[in-house]
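Sequence lines, in order, name chains E and B.
All residue numbers for the first sequence refer to full-length UniProt numbering, where the first residue is 1 and numbers rise by one.
All residue numbers for the second sequence refer to full-length UniProt numbering, where the first residue is 1 and numbers rise by one.
Structure record follows, encoded as structure tokens.
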Amino acid sequence: MSALLEVSGVSVTFDGFRAINNLSFEIGPAELRAIIGPNGAGKTTFMDIVTGKTKPDEGRILWGELGRSLLKMNEAQIAREGIGRKFQKPTVFEDQSVQENLLMALKKDRGPFRVLFWKPAGEDLDRVADLAEEIGLAEELTRKSGELSHGQKQWLEIGMLLAQEPRLLLVDEPAAGMTPAEREHTTEILVEAARTRAVVVVEHDMEFIRRLDCRVTVLHEGSVLAEGSLDHVTADQQVIDVYLGR
Amino acid sequence: MNRTFLARNPSVLIFLAVLALFTIAVTVMSEGFGMGIISTSFVKTLGKTLTLALIAVAMDLVWGYAGILSLGHFAFFGLGGYMIGMWLMYERTRQIVVDSLASSPIPPTDQEVVDAIGTQIFGVVGSSEFPPVWAFADSLTIQLILVVAVPGLLALIFGWLAFRSRVTGVYLSILTQAMTLALSLYLFQNDSGLRGNNGLSGLQNIPHLDHVPQSVLSVWFFWASALALALGYVFAAWIVSGKFGSVIRGIRDNEARVRFLGYSVEGYKLFLFTVTAMIAGIAGALYYPQAGIVNPAEIAPIASIYLAVWVAIGGRGRLYGAVIGAVFVSLVSTYFTGGQAPDINLGFYTISWVDWWTILLGLSFVGVTLFAPKGIGGLFDLWTGRRTPDRHGADLGPDMGSLREKEAEE
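Pasting the structure below:
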């Protein structure tokens, strides 16, 4: 199986601090992967690099069957290639309704002229309604998203991510601020999504990761410390020393 | 979501009705068409005010909706005026020259006519040659195209350079100020080809319409201004009503997030900046024939700052707010600076409004910003029952131009 995303030998330095150090990472087209690591291990920087927010000093990032480099692309182009991202702090357009947020995320032409003349067809509205159902916001479609609770904003952002229909989902701490029942539901959605696409989850909550039941990559000081099943990495002495033992 | 455009935007219909009523009322009261209650010069003032409302709508699109605080849109307004002014001046001078040469024993050659026009127009800056920029001044059609093309092209080039480098916030505002200052300084030069600080004058005399008195012409221009404002308003309302509006409001509140959704933020900003520059150009092309003169002082940096003040006082992020702000402030400004306001004698000091008006304007701008961010447009919320959300003071996004709590709708 060829990889969907292949990151190799990537390093990035901020003011002399090496945030990512010769990092290599690979994920297949339909795979669920969890990334764990202590604070400052470079988890968020890793996502910034893949999504084009931060340009690495060295290394390469190849994408898709054709192995195209992501380094030459900007954030919007990378997003259009099919990489979607959910932020740690829920980031939605607070002045706009849930429906507007979802319509904006829907996978459609992104050019200004096409968008200007675009009108949602019946099927688009149905799709938005379905998504809202799935994320438990069916009753809130016309509400401004700024009025939603923290957990609902998390859901809305997950909904927007699904609406984009990306081939790779990068999800930063999806379960933060959720109730146990909501965590359960999030797990289901992520596992379901990973049947057809690649999903990378950054999470601190071990219990949540155990439920995802997937390969785990442990980051430490900007590079991969261990990789394998959760049981495998938690048994690793190095991992225990730097992360679990504290 | 599938209801018609007007049903979703009832304020557009109300606005158009008010504008139509206003136009009819002014026409009926004008000297040219009715009772003569309103003087011709005041009809011109009202017509000019409507074009200022049009550029305010453009400013609201760029600033109120997309969060780009451009302090240079008056450059585009002035350029629109210059473009139409060139034809007005050329054609009018040609008429005069042809008439005066008609009695000469030998009919003048075309070259002689052109030379005579050149001497007439450029004598004031010590030249008689037509500079290259006047190449199309004899064609009304081309100059009308240039009214939108020149501001549009300048905005496109400037915007491409600025947005591509991701200049935002205060830095972008300063850059736009620099642009309008540079343009104004350039035009001040005698060899810029546009008559230096004299500018273009006599624009109120429309060629081939000598038989039409100014009292009638002023109403015609008033109508044209009202029509342009109506069309511009509907166009702006249409732009912001759909997904495009969603995207630009997203850019205003959190442009990084819009990027991660796959939208080219730069492309959208550039599109909006250019389109609004074109609207500003049209507004300017209607304003200056009513004002009679366009000169480089018109595009001094302060003009564009006034524009932002109008939109802020009227209420940013709602189109009728921009119109109200522009109309209200510019009319009050005319009243105070026109010497009509009685001076206030405090005994030890006399407040002369001609001098103190700008200070009053500055104070009200600060006041609105601090205490009533919704501006005059916010008064309508009392009537429609629109309320602001309680967000404990948090803005609606992390970006500098993002909507503030008090500007938002619950």
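By construction, the Cβ of each residue, glycine as well, lies at the ideal position given by its N, Cα and C atoms.
Quick caveat: nothing in here was measured; it's all calculated off a predicted structure.
### Query
Which chain B residues are close to G146(E), counting only those with a beta carbon under 8 Å from its beta carbon?
P389, R391, L396 and A408
### Query
In chain order, which continuous runs of the alpha helix (DSSP H) of length 4 or greater are located wholly inside the region 178 to 208 of chain B?
none
### Under the three-state DSSP convention, the category N2(B) falls into
Its pLDDT being 46, under 50, N2(B) is placed unreliably by the model, and the measurement read from it follows with that caveat. Correct three-state label for N2(B): coil.
### Query
If you compare alpha carbons, which of L116(E), G42(E) and G67(E) is closest to P29(E)?
G67(E)
### Message
Between which two residues does the beta strand (DSSP E) holding E227(E) run?
### Response
S223 to G228
### Task
Leaving aside the five residues before and after D15(E) along the sequence, list all residues of the same chain whose C-beta is less than 7 Å from its C-beta, in chain order.
none
### Task
Mind checking which residues open and close the alpha helix (DSSP H) that includes H220(E)?
Run containing H220(E): none in the alpha helix (DSSP H); it sits in the beta strand (DSSP E), R215 to H220.
### Task
Go through its chain and collect everything with a Cβ distance to E227(E)'s Cβ below 8 Å, but skip five positions before and after it.
R215, V216, T217, V218 and V233
#### Entry: Amino acids of chain E, ordered along the chain, whose beta-carbon sits closer than 8 Å to that of I324(B)
Those do not exist, as I324(B) stays about 21 Å from chain E at its closest Cβ, beyond 8 Å.
### Query
Is G47(B) near S225(B), with beta carbons less than 7 Å apart?
yes
### 7 Å Cβ cutoff, Q96(E) in contact with chain B
yes
### Query
Can you name the start and end residues of the alpha helix (DSSP H) that D172(E) belongs to?
Element bounds for D172(E): not the alpha helix (DSSP H) but the beta strand (DSSP E), L168 to D172.
#### Entry: Bridge partner(s) assigned by DSSP for W63(E)
L5(E) and R68(E)
### Query
Would W118(E) count as contacting chain B if we go by Cβ distances under 7 Å?
yes
### Task
Mark A7(B) as exposed unless 16 or more other C-beta atoms lie within 10 angstroms of its C-beta, in which case mark it buried.
exposed
### Query
Are the C-beta of K44(B) and some C-beta of chain E separated by less than 7 Å?
no
### Environment of N197(B) [buried if 16+ CB atoms lie within 10 Å]
exposed
### Query
Going by the beta-carbon positions, is the gap between L137(E) and Q99(E) smaller than 7 Å?
no
### Query
Taking Cβ positions only, does L69(B) come closer than 7 Å to chain E?
no
### Message
So that I know if they touch, is there some Cβ in chain B lying closer than 7 Å to that of M104(E)?
### Response
yes
### Message
Going by C-alpha to C-alpha distance, which of F46(E), G64(E) and E65(E) sits closest to P56(E)?
### Response
F46(E)
### Query
Going by the CB atoms, is the gap between L102(E) and G37(E) shorter than 7 Å?
no
### Nearest residue (CA-CA) to A53(B), options A162(B), V329(B) and V219(B)
V329(B)
### Query
Do the CB positions of L146(B) and M83(B) come within less than 7 Å of each other?
yes
### Message
Measuring alpha carbon to alpha carbon, tell me which residue in L4(E), S2(E), E26(E) and K108(E) is nearest K243(B).
### Response
K108(E)
### Query
In whole angstroms, what is the alpha-carbon distance linking I37(B) and A256(B)?
55 Å
### Query
Quick one: what does DSSP say S100(B) is sitting in, helix, strand or coil?
helix
### Task
Measure from the C-beta of L156(B) to each C-beta in chain E and report whether the shortest distance is under 7 Å.
no
### Message
In the DSSP output, which residue or residues are listed as bridge partners for L396(B)?
### Response
Note: L396(B) sits in no beta bridge, so no partner.
### Task
Measure the Cβ-Cβ separation of I299(B) and L183(B) and say whether it is below 7 Å.
yes
#### Entry: Sufficient close CB pairs (3 or more, under 8 Å) joining the region 4 to 21 of chain B to the region 225 to 239 of chain B
yes
### Query
Does the beta carbon of E157(E) come closer than 7 Å to any beta carbon on chain B?
no
### Nonlocal neighbours in the same chain, by C-beta distance under 6 Å from F163(E), ignoring five residues either side
It should be pointed out that residue 163(E) corresponds to Ala in this sequence rather than to Phe. Closer than 6 Å at the Cβ level, and outside the excluded window around A163(E), lie L102, A105, L106 and L131.
### Task
Could you list which residues in chain E have their beta carbon closer than 8 Å to that of F5(B), in chain order?
Neighbours of F5(B) on chain E: none; closest Cβ ~10 Å, over 8 Å.
### Task
Ignore the nearest five residues each way along the sequence and tell me which others in A341(B)'s own chain have a CB closer than 7 Å to its CB.
Y335 and W353
### Query
Three or more C-beta pairs closer than 8 Å, one from the region 87 to 96 of chain E and one from the region 391 to 399 of chain B: is that the case here?
yes
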